[in-house]
Amino acid sequence: MGKCIGIDLGTTFSVVAKVDSNGKAQIIKNRYGSTTTPSVIAFLDDEILIGEDAKEMQASGHEDIACFFKRNMGEDEFQMNFNNVDYNSEKLSSILLKQLKEDAETYLQDKVDKAVITVPAYFNNKQRQATIKAGEMAGLKVLKIINEPTAAALAYGVTGRGVNKNILVYDLGGGTFDVTIANIENNNIRVLGTDGDHRLGGKDWDDRLASYLSDKFLEQYDIDLLEDIDTFNELLVKCEKAKKELTAREQTKVVINYKGNRGNYEITRAKFKEITSDLLGRTELLIDNLLNDISLSWNDIDEVLLIGGSTRMKMVHDFIEKLTGKMALSGVNVDEAVALGAAIQAKIEEEPEETFALPGYKSISDVTAHSLGMVSISEDFSKYINTKIINKNSTIPSSEKKPFKFRTRRNGSNELEVYVLQGESNLPLECSILGKYVISGMDHINNGETVIDITYNYDSNSVVEVTAIQRENNKKLNVRVESVPEDMEWLGLEPVRETKVQNDIVICIDLSGSMNGTALNNAKIAAKRFINDMDLEYTNISLIGFADRVGVFTSLSSNERNLNNKVDLLSENSNLGYGTSAEPFSKAMDELNESNGNKFIIVLTDGEWFNKQDAINKAKECANHDIEIIALGFGSADKTFLNSIATSDEQSLFTDVTALETSFSKIAQAITENTGGNLIIK
Ligand code: ADP
Ligand code: MG
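In terms of our numbering, the numbers along the sequence shown are unbroken and rise by one, the last being 1774.
Below you can see the structure in the form of structure tokens.
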């Protein structure tokens, strides 16, 4: 069995660590003896270079370079092509991870096959799943995904002195900012809340300096450097360098040469701070919001832990001191803290009992950075909204159950679709749409009226899971995740209200002597099929038998069980006589008297009626009351007569005793799909 390592898979650098035999987390050096490996990959004609070598290729101007790919983690549309092979961020990360794994194996002289990988706290479901997949493609079993600031808190918690305090982890990297507040007590680190801005990082300080200097150049020479992208990029590189120099010195110089003009600029720390102060202000605002969310104030913060390369800037230290009146924690290596924490978690995953016995070791409970919700329709029906189910900053794992009323059809596909969202906005399109979760496998019980209990769950990696149970029979249902359709713009439009009209239908079945036996049996099967095929939420059915007299077996009803029971009662012994001297239309009209929906009469007969003219007159009266008549005949029924009672010729059908079920099913379909005008039965 192989070893488990902790990996800080960074945007610019990655770091690997492992707990040694003394219980101390140690950085694992790579093949060049460095503690950090640049997250850069260079594609050459016949080989792939990773890390330092790739960075050198990049510096020497090689073009087939992949870097900063962590920023596109989990994005389906992000693809890079090198030597005619497509790479997404997951694949690129797996190439890097594989090298980190191999270097660790060389260093440890042992096989490595498991890892704990860190991710920014704000990483959403897709980004986390993609990270896990990248690890697996690299041959690593990913025992856990933990949040970078939480990992840093863990590393500090194990080595730091003192107990029972609130620490604030301030993580300012190359392109992202994360703030996390955690409470450390004897044996536990409890994350209280997290927030961040993943469009704020060291890069913004570089950009700010670059535009300040290009403005100066414009002033001096009336030339805009932005007109030449290569020149501006060169300036950006110089500015990053200058920024780092200002960490060590009070002032530095940047020289710009362009089109024979030379600008020579002196920058002091004070000036740099002045032109970037609003950026730190943005981090302050996020911290204030977070403190507010978890009902704490700056006074409740005992220590501040700085991580991420950009916290090396002097102004960050000054800023923290100004806010807290205290110095940020010293002695923490901003590049290594996250990997060390991941190594500690790796040790806990491997040997929990042994590990917790070690001095200083603590368990962690973390929170989720994003609310989980689903698309629903606002109460006033005017828009689609995000209904939150699990709030952000809930302790993970976390789960929440929501009941859903659902109508099943005996022969229907019976699928329930739920769009799951991650994010804080009330508007679905401003959230990340995780997928279309399709729930299926419901049993048709309880007359089709069922309750589906859907459970939304964040596991301990903050990865989303959705499960569903049919309540009445406690059946675990299938949940299939389908990718989100390309066009989701409809979520921003007004919902189309399903305007299903009510159908009120009287089924009239010939019960004269000739129907005895197979004919009546098949008629009953057909009637039941019809009841099943119709959506009883929008349909009422009445059942009438006729021979020499007319009997109403049930008035309009949408109760499936009642309707089926009444069909069972249809029999030649219904005491309605042997011949066909009665017409069913008068009674049927009575049944439909108070109907406001679409009105239909379906009449099934197998023979000649004694009082045809009477029936035809009544059928005309039906037409005057907007009742459509569908006449279905078989056996020795009279086609001309059927035509004259049906509302139109298309609604007069002649069939066979063996095809009654099919015919009724077709009628059901025609009524369901009816959009006005004469019914078309195919
Ligand atoms: P990430 O985790 O996003 O990959 P890092 O935590 O490695 O990023 O931080 C990278 C950022 O830190 C870059 O913007 C870099 O310019 C900045 N940085 C690194 N060293 C220094 C320094 N000495 N002074 C100021 N900024 C620095
Ligand atoms: Mg980092």
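No residue lacks a Cβ here, since even glycine has one placed at the ideal position from N, Cα and C.
Mapping the DSSP letters down to three states, classify residue i as helix, strand or coil.
i       : result
Met1580 : coil
Tyr1124 : coil
Leu1745 : strand
Tyr1630 : coil
Ser1532 : strand
Thr1093 : Note on identity: in this sequence residue 1093 is Met, with Thr being the wrong assignment. Three-state result, Met1093: coil.
Pro1495 : strand
Gly1109 : At residue 1109 the sequence reads Ala, which differs from the Gly that was named. If DSSP states are grouped into helix, strand and coil, Ala1109 belongs with the strands.
Ser1687 : coil
Met1405 : coil
Tyr1550 : strand
Ser1828 : Since the first and last residues shown for the chain are 1093 and 1774, residue 1828 lies out of range.
Lys1794 : Nothing about residue 1794 can be reported from this structure: the residues present for the chain run from 1093 to 1774 only.
Lys1439 : helix
Tyr1511 : strand
Val1250 : helix
Ile1276 : strand
Met1419 : coil
Ser1457 : strand
Asp1472 : coil
Using a threshold of 8 Å, state whether the C-beta atoms of residue i and residue j are closer than that.
i       : j       : result
Lys1612 : Lys1218 : Checking the sequence shown, residue 1612 turns out to be Leu, not Lys. Not closer than 8 Å, so no.
Thr1542 : Glu1564 : yes
Leu1246 : Gly1400 : no
Ala1618 : Glu1753 : yes
Leu1382 : Ile1482 : no
Leu1328 : Tyr1350 : no
Gln1562 : Gly1689 : no
Ile1259 : Glu1376 : no
Lys1162 : Leu1101 : yes
Ser1524 : Asn1216 : yes
Ile1142 : Ile1099 : no
Asp1718 : Glu1675 : no
Phe1794 : Asn1175 : Residue 1794 lies beyond the stretch modelled for the chain, which goes from 1093 to 1774, so this question has no answer here.
Leu1734 : Ile1601 : no
Asn1632 : Asp1596 : yes
Tyr1214 : His1290 : yes
Val1283 : Ser1455 : no
Met1466 : Leu1508 : no
Quick check on the burial criterion: 16 or more other C-beta atoms within 10 angstroms. Buried or exposed for residue i?
i       : result
His1462 : buried
Asn1164 : buried
Asp1263 : buried
Thr1824 : The structure shown does not extend to residue 1824, since the chain is modelled only from 1093 to 1774, so the question has no answer here.
Pro1495 : exposed
Ala1615 : buried
Ser1369 : exposed
Lys1203 : exposed
Gly1786 : The requested residue 1786 does not occur in the structure, where the chain is confined to residues 1093 to 1774.
Tyr1124 : exposed
Val1177 : exposed
Tyr1550 : buried
Lys1493 : exposed
Ser1606 : buried
Glu1652 : buried
So does residue i have its beta carbon nearer than 7 Å to some heavy atom of the ligand GDP?
i       : result
Phe1269 : Although the ligand GDP was asked about, the structure shown includes only the ligand ADP and the ligand MG as ligands.
Closer than 8 Å, CB to CB, is residue i near chain C or not?
i       : result
Arg1572 : In summary, chain C is missing from the structure at hand, where a single protein chain is found.
* **Any 3 or more C-beta pairs closer than 8 Å across the stretch 1230-1238 and the stretch 1122-1131** => With contact defined as three or more Cβ pairs closer than 8 Å, the stretch 1230-1238 and the stretch 1122-1131 are not in contact.
* Within the chosen definition, does the stretch 1388-1396 reach the stretch 1195-1213 through at least 3 CB pairs nearer than 8 Å? -> no
* Asked: Within the chosen definition, does the stretch 1573-1582 reach the stretch 1710-1728 through at least 3 CB pairs nearer than 8 Å?
  -> no
* Validate contact between the stretch 1305-1316 and the stretch 1414-1434 using beta carbons, cut 8 Å, 3 pairs -> no
* Asked: Per the contact definition of three or more C-beta pairs closer than 8 Å, is the stretch 1328-1340 in contact with the stretch 1291-1307?
  -> yes
* **the stretch 1659-1667 contacting the stretch 1631-1646, beta-carbon criterion three pairs below 8 Å** => yes
* To do: Taking 8 Å as the threshold, find out whether the stretch 1556-1571 comes into contact with the stretch 1528-1536 through three or more Cβ pairs.
  => yes
* Asked: Is it true that the stretch 1606-1624 meets the stretch 1751-1768, where meeting means three or more beta-carbon pairs spaced less than 8 Å apart?
  -> yes
* Pairing CB atoms from the stretch 1463-1477 with CB atoms from the stretch 1509-1521, are three or more of them under 8 Å? -> As far as the Cβ criterion goes, the stretch 1463-1477 touches the stretch 1509-1521, which means the pair count is three or higher.
* Can you check the stretch 1588-1660 for any alpha helix (DSSP H) of at least 4 residues that lies completely inside it and give the ranges in chain order? => Counting only runs of at least 4 residues, the stretch 1588-1660 fully encloses the following alpha helix (DSSP H) elements, listed from N- to C-terminal order: 1610-1625.
* **Cβ pair count under 8 Å reaching 3, the stretch 1650-1659 against the stretch 1681-1696** => no
* Asked: Which ranges would you report for the alpha helix (DSSP H) in the stretch 1711-1765 if only whole runs of at least 4 residues count?
  -> 1731-1737, 1752-1765
* Ranges of the beta strand (DSSP E) found wholly within the stretch 1323-1375, counting only runs of at least 3 -> 1343-1350, 1353-1360
* Asked: Unbroken beta strand (DSSP E) runs of length 3 or more, entirely within the stretch 1121-1168: which are they?
  -> Counting only runs of 3 or more, we get 1132-1135, 1140-1142, 1157-1159.
* To do: Taking only runs that begin and end inside the stretch 1257-1309, name each unbroken beta strand (DSSP E) of 3 or more residues, in chain order.
  => 1257-1264, 1269-1277, 1280-1289
* **Ranges of the beta strand (DSSP E) found wholly within the stretch 1187-1258, counting only runs of at least 3** => 1204-1211, 1233-1239
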